[in-house]
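All remarks here apply to the structure that follows.
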Amino acid sequence: MKSAYLSIPEIKGKILLSPVGINHIGKREIINCATVPIKPQEFSTLSSVRTDNQGEIIKEQFSIQYNSTKKQYYIEDRNSSNGTYLGNLNLKQTGIQLLNPGDKIIVPLERKGKLVQLEIIFQKEEKTPQQIQDKNLTISPEEGVEQPFLFDNKSEPPKHQKRAKAKQEVNISPSGGEYFDPTFTPTVGPDSEIQSMGYDFTDTSTSFIVVQEKVPIPKNCFDPKVAQDLGLDFSIVYKLEMKEIWHILIAFGLLFVMIYHTYVNFLGIFSLITYFQYGVGLPWRDVLITPLPTALVFCITFICHELGHLYTGKYFQYPSKFLLVKRGIKLTVLAALIGIPIGLPGAAVSVGVDPQHDKDKMGAIKMAGPAVNLIIGLITFIIAVVIPQTSPLLKTTFLQSAGINFMLGGFNLIPKEFHGFAMDGKYILGWRKKLYFTMLAAFLIGYAGVFVLTGSPEVS
Numbered sequence: 012m013k014s015a016y017l018s019i020p021e022i023k024g025k026i027l028l029s030p031v032g033i034n035h036i037g038k039r040e041i042i043n044c045a046t047v048p049i050k051p052q053e054f055s056t057l058s059s060v061r062t063d064n065q066g067e068i069i070k071e072q073f074s075i076q077y078n079s080t081k082k083q084y085y086i087e088d089r090n091s092s093n094g095t096y097l098g099n100l101n102l103k104q105t106g107i108q109l110l111n112p113g114d115k116i117i118v119p120l121e122r123k124g125k126l127v128q129l130e131i132i133f134q135k136e137e138k139t140p141q142q143i144q145d146k147n148l149t150i151s152p153e154e155g156v157e158q159p160f161l162f163d164n165k166s167e168p169p170k171h172q173k174r175a176k177a178k179q180e181v182n183i184s185p186s187g188g189e190y191f192d193p194t195f196t197p198t199v200g201p202d203s204e205i206q207s208m209g210y211d212f213t214d215t216s217t218s219f220i221v222v223q224e225k226v227p228i229p230k231n232c233f234d235p236k237v238a239q240d241l242g243l244d245f246s247i248v249y250k251l252e253m254k255e256i257w258h259i260l261i262a263f264g265l266l267f268v269m270i271y272h273t274y275v276n277f278l279g280i281f282s283l284i285t286y287f288q289y290g291v292g293l294p295w296r297d298v299l300i301t302p303l304p305t306a307l308v309f310c311i312t313f314i315c316h317e318l319g320h321l322y323t324g325k326y327f328q329y330p331s332k333f334l335l336v337k338r339g340i341k342l343t344v345l346a347a348l349i350g351i352p353i354g355l356p357g358a359a360v361s362v363g364v365d366p367q368h369d370k371d372k373m374g375a376i377k378m379a380g381p382a383v384n385l386i387i388g389l390i391t392f393i394i395a396v397v398i399p400q401t402s403p404l405l406k407t408t409f410l411q412s413a414g415i416n417f418m419l420g421g422f423n424l425i426p427k428e429f430h431g432f433a434m435d436g437k438y439i440l441g442w443r444k445k446l447y448f449t450m451l452a453a454f455l456i457g458y459a460g461v462f463v464l465t466g467s468p469e470v471s
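Numbering of the sequence shown is given in my numbering, commencing with residue 12 and proceeding in unit increments.
Pasting the structure below:
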């Protein structure tokens, strides 16, 4: 009887069996791989292996193309209109060819932030009935007839192949790394660099060569040297090595100046208009002092929003940190000098969250920021309502806090993407629509309540 095996020189040790947590190249689903652009000369061919509908082993070739708009190279198949993404690489299914013994299968994977290729060699070998018996397998009554080790979608797997599923582990030689039984779907243990390798014998529509190199993200991944070793791109971050508290304080200060200057401009213009119309303007002391509590409340609101994202990410065991962004700092400084509210100096960052495979966690992390604003807004609105009319300044301060929280939370629910940065609403809407519209309605109702209460005689 003929069987197939893979010679994997880079893998050493024992392969443990597990049917879960495997990414199929045949299904065009690969995660945690290339995160950097590549050049055509780095790869001659990229290949995946699977079985076709007739049970034949086939190899699919990928070619590398260049996108002049995005200025990135990607893997493409002109025969398919659909595809997914391998990091920055656009992966689409390609044309097929039969896989013959001795063929090399080149699979792309990431190693320390660089896209590298893993070479796998496909082989076949003859097995005697005694060798099969030694592996605790039963064979068909036609003992002398060679049995195919692949089959089409309409046929059932042979009984001896069904029985093989019960086996718990397969040993490979440390030197050659040969995997002999294609009926298993093995994964490499956690000590290995390569997470999984194998194929599902019973699923002829998918790949049977499966490779995933998943490097666990350490808690100190924000250390510049560790980030560089992992291939994490923090080039947009301002002074990654700086302590988080300084990132927060600088963001707080920049936002404070921006909001304060904006409010001063507004009151100054309003004062000039009233002066030319009625001959009386606002006292300059009021113009300079009145914006202080508003700017302070806005900054606290923003930081609380980001801390909501931050601690939810930490709750799910993702390394998380508030970081200043270079472009955001420049924009905020410019806005602070001019006096317009368009700056965003930084944000909470959680490393390792996959929007496709960790949809619930990503949705919860994104929801946490607006949820914090909603809670603070409701609390401060209730306090503003119960504060007596004898304290109009205190009442106005809490009312401003409620309004700013409702405004900021509602703004973040916009389901759009600006300059490559997706708003919270985009993820929440894709995660749970009912929750999204419930939160949106709550923000609108809350802001309407603030507007009505602001026009009341005691506040006016």
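We put the beta carbon where it would ideally sit given N, CA and C, even for glycine.
By Cβ distance below 8 Å, which residues in the same chain neighbour Leu321 in space, the five residues on each side in sequence not counted? Taken in chain order, the residues that qualify are Ser331, Lys332, Phe333, Ala359 and Ser361.
Please report the Cβ distance between Leu335 and Pro356, rounded to the nearest whole angstrom; I am assuming they are in contact, meaning their Cβ atoms lie under 8 Å. By a beta-carbon distance limit of 8 Å, Leu335 contacts Pro356. Their separation comes to about 6 Å.
Would you mind stating whether Lys406 and Ile398 have Cβ atoms separated by less than 9 Å? Yes, the Cβ-Cβ distance between Lys406 and Ile398 is below 9 Å.
I need the boundaries of the beta strand (DSSP E) containing Ser481, first residue and last residue. With the chain represented from 12 up to 471, any question about residue 481 goes unanswered, as that position is not in the structure.
Mapping the DSSP letters down to three states, classify Phe429 as helix, strand or coil. Here Phe429 sits in strand by DSSP.
Does Glu317 pass the burial test, meaning 16 or more other C-beta atoms within 10 Å, or should it be called exposed? Answer is buried; the Cβ neighbour count reaches 16.
Can the beta-carbon of Thr273 be found closer than 9 Å to that of Pro352? Cβ distance < 9 Å, so Thr273 and Pro352 count as in contact.
If you follow the beta strand (DSSP E) that Gly436 is in, where does it begin and where does it stop? Going by DSSP, Gly436 is part of no beta strand (DSSP E) but of the alpha helix (DSSP H) stretching over Asp435 to Trp442.
Rounded to a whole number of angstroms, what is the C-alpha to C-alpha distance between Glu252 and Pro229? Cα atoms of Glu252 and Pro229: separation of roughly 16 Å, rounded to the nearest angstrom.
Check whether the Cβ atoms of Pro302 and Val275 sit closer than 9 Å, and answer yes or no. Against a cut-off of 9 Å, the Cβ pair of Val275 and Pro302 comes out as a contact.
If you reduce the DSSP assignment to three classes, tell me which class Gly339 lands in. Shown here, Gly339 sits in a helix according to DSSP, grouped into three states.
If we ignore side chains and look at the alpha-carbon of each, how far apart do Ser282 and Gly292 end up? Cα to Cα, Ser282 sits roughly 5 Å from Gly292.
Just the Cα atoms here: how many angstroms apart are Lys254 and Arg338? If you take the alpha carbons of Lys254 and Arg338, they lie about 19 Å apart.
Can you tell me whether Asp244 is buried or exposed, with buried defined as 16 or more other CB within 10 angstroms of its CB? So Asp244 counts as exposed.
Cα-Cα separation, Arg296 to Ile349: Taking the straight line joining both Cα atoms gives about 21 Å.
Assigned secondary structure, Ser402 (DSSP; H/G/I helix, E/B strand, else coil): If DSSP states are grouped into helix, strand and coil, Ser402 belongs with coil.
Distance between beta carbons of Thr305 and Ile270, contact taken as under 8 Å: A Cβ-Cβ distance of about 7 Å is found for the pair Ile270 and Thr305, placing them in contact under the 8 Å criterion.
In terms of alpha-carbon separation, which member of Met418, Pro426, Thr391 and Ile247 lies closest to Phe313? Checking every option, the nearest Cα to that of Phe313 belongs to Met418.
Helix, strand or coil at Phe462 [DSSP, three-state]: Reduced to three states, the DSSP call for Phe462 is helix.
Hey, which unbroken runs of the beta strand (DSSP E) at 3 residues or more fall wholly within the stretch 348-392? Correct list: 357-361.
Are Gly420 and Gly460 close, meaning C-beta to C-beta below 9 Å? It is not a contact, given that the beta carbons lie outside the stated cut-off.
Same chain, Cβ closer than 8 Å to Leu385, five either side skipped, listed in chain order: Cβ within range, chain order: Asn416, Phe417, Gly420, Met450, Ala453, Phe454 and Gly457.
From the DSSP secondary-structure annotation, give me the bridge partner or partners of Val248. Beta-bridge pairing links Val248 to Val336.
In whole angstroms, give me the CA-to-CA distance for Met378 and Leu404. If I take the Cα positions, the gap works out to 32 Å.
C-alpha distance - Lys437 paired with Gly290, whole-angstrom precision: Going from the Cα of Lys437 to the Cα of Gly290 covers about 49 Å.
Could you please give the first and the last residue of the uninterrupted alpha helix (DSSP H) stretch that includes Cys315? Pro302 to Tyr326 is the span of the alpha helix (DSSP H), which, as asked, contains Cys315.
Could you have a look at Ile415 and say whether DSSP puts it in helix, strand or coil? Ile415 falls in the helix class under three-state DSSP.
Compare the C-alpha of Cys232 against each of Gly363, Ile256, Leu266 and Ile284 and name the closest. Closest option to Cys232, Cα to Cα, is Gly363.
Relative to the C-alpha of Lys370, which candidate in Gly441, Trp257, Val248 and Gln288 has its C-alpha closest? Among Gly441, Trp257, Val248 and Gln288, the Cα nearest to that of Lys370 is on Gly441.
N-terminal and C-terminal residue of the alpha helix (DSSP H) that Asn276 is part of: Note, Asn276: alpha helix (DSSP H), Glu255 to Tyr289.
Given a threshold of 16 other Cβ atoms within 10 Å of its Cβ, counted over all protein chains shown, does Thr401 qualify as buried or as exposed? Exposed: under 16 other Cβ atoms inside 10 Å.
Where Ser246 and Asn423 are concerned, what is the direct C-alpha to C-alpha distance, given to the nearest angstrom? Straight-line measurement puts the Cα of Asn423 at about 25 Å from the Cα of Ser246.
Other residues of its chain near His258: CB distance less than 7 Å, five sequence neighbours each side excluded: Around His258: Phe333, Leu334, Leu335 and Gly357.
Apart from the five residues on each side of it in sequence, which residues of its chain come closer than 7 Å, Cβ to Cβ, to Thr465? Excluding sequence neighbours, Thr465 sits near Leu410.
Would you call the CB atoms of Gly354 and Leu265 closer than 9 Å? Yes, Cβ-Cβ distance for Gly354 and Leu265 is below 9 Å.
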